[in-house]
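Counted from 1, the sequence shown has number 79 at position 24 by the numbering used here; the numbering is strictly sequential. As structure tokens, the structure follows; a few thoughts come after it.
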Amino acid sequence: MTIENFSGAVEGAFATGNSAYGPGFDSREVIARYGEEDGGALIEKIQSLMQEAMRMDVDWTKYDLAGSQANVASRLRENHPELTPEATEWFGRYFSFQNR
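This is the structure:
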């Protein structure tokens, strides 16, 4: 993937599909913006990070939904220092929405 600003691309991708149904992304919009090759690679990377976020164990006795969102975003920042806090927030939002 030759996308220089991966975090910005993540933020932009999530912005295409963020709706009343929760955070997500529209793969058609990502492909339209970045092309088949880069867009496809971006989608794969985003989906991989979404899966990583969903596999994270959260101690629900310590965290409410908002706290779990912040916890997942923080742990993703630790695991992926190349991501900006804004990019990891999208994955935290995705996690909290899926666990509501």
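From the three backbone atoms N, C-alpha and C, an ideal C-beta is built for every residue, glycine too.
Original post:
Taking C-beta to C-beta, are Leu-131 and Leu-97 nearer than 8 Å?
Top reply: no
**OP:** Would you list the one or two residues that DSSP bridges to Gly-63?
**Re:** None; Gly-63 has no bridge partner.
Original post:
Excluding the five sequence neighbours on either side, which residues of its own chain have a C-beta within less than 8 Å of the C-beta of Glu-137, listed in chain order?
Top reply: Phe-61, Ser-62
**OP:** Mind checking who Gly-94 pairs with in its DSSP beta bridge?
**Re:** Answer is none; Gly-94 lacks a bridge partner.
Original post:
Over what stretch of residues does the alpha helix (DSSP H) that includes Tyr-149 continue unbroken?
Top reply: 140–153
**OP:** Starting from the C-beta of Ala-108, find all residues in its chain whose C-beta is less than 8 Å away, skip the five residues before and the five after it, and write them out in chain order.
**Re:** Val-127, Leu-131, Phe-146, Gly-147, Tyr-149, Phe-150
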